[in-house]
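Reading through the structure tokens given below for one structure.
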Amino acid sequence: LNDTRNSSAEWFLPMIHFGTDNATVKYTDYGNLASVARTLRANLNLRLVVTGFADATGSEAYNNLLSFNRAQAVIDHLTKNHNIERNRLVVQWKGSNESLVPVNASFMNRRVEFRVAGPGDVDMEPPTGKKSDGY
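Residue numbers (the working numbering): -5 to 129.
Right under this line is the structure:
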């Protein structure tokens, strides 16, 4: 299908949730990510924005880095485990901005979301200019 807008009703892009102070993709989300990979393979012109978020329990700088690392972990999972081309995934991060629920420590705010990328969507630079490999 060349026009992903016509086929979008056929697929669903899940949210991926994370533990507190953690950017490791949980085994329970592997099936959701396999579904995202199948969607990408079935729609070869589709690019996705992968946006990381954090809850409001840490500092703004820490939450920005954590949200970036969460988005990067999902991208790494899709590229390494499902052979999705990196250029089809756009990394973005929002820190603790745009909370889904008002409870600061809610798992609903510790998430990665997907959306269809537009022509202007590009990778965001990591916060503070570097990627953290651990906590």
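Just so you know, even glycine gets a beta-carbon here, dropped at the ideal spot from N, CA and C.
Check                                                                                                                                                                      : Outcome
For Met102 versus Val110, is the C-beta spacing smaller than 7 angstroms?                                                                                                  : no
Should Leu38 go down as buried or exposed, given a rule of 16 or more other Cβ atoms within 10 Å for buried?                                                               : exposed
Can Thr22 be considered in contact with the ligand SAH, in the sense that its beta carbon sits closer than 6 angstroms to one or more heavy atoms?                         : With respect to small molecules bound, the structure shown includes none, and the ligand SAH cannot be examined in it.
Could you check the C-alpha separation between Pro121 and Glu92 for me, to the nearest Å?                                                                                  : 17 angstroms
Can you give the beta carbon distance from Val68 to Val44, rounded, assuming they're within the 8 angstroms contact cut?                                                   : 5 angstroms
Would you mind sorting Asn77 into buried or exposed? The rule is 16 or more other CB atoms within 10 Å of its CB.                                                          : exposed
For Gly89, I'd like the list of residues in its chain whose CB is within less than 7 angstroms of its CB, leaving aside the five on either flank, ordered along the chain. : Ala48, Glu54, Asn57, Asn58 and Ser61
How close, in whole Å, do the beta carbons of Leu40 and Phe108 come, if the pair is a contact with beta carbons under 8 angstroms?                                         : Incorrect: roughly 10 angstroms between the Cβ atoms, too far for contact.
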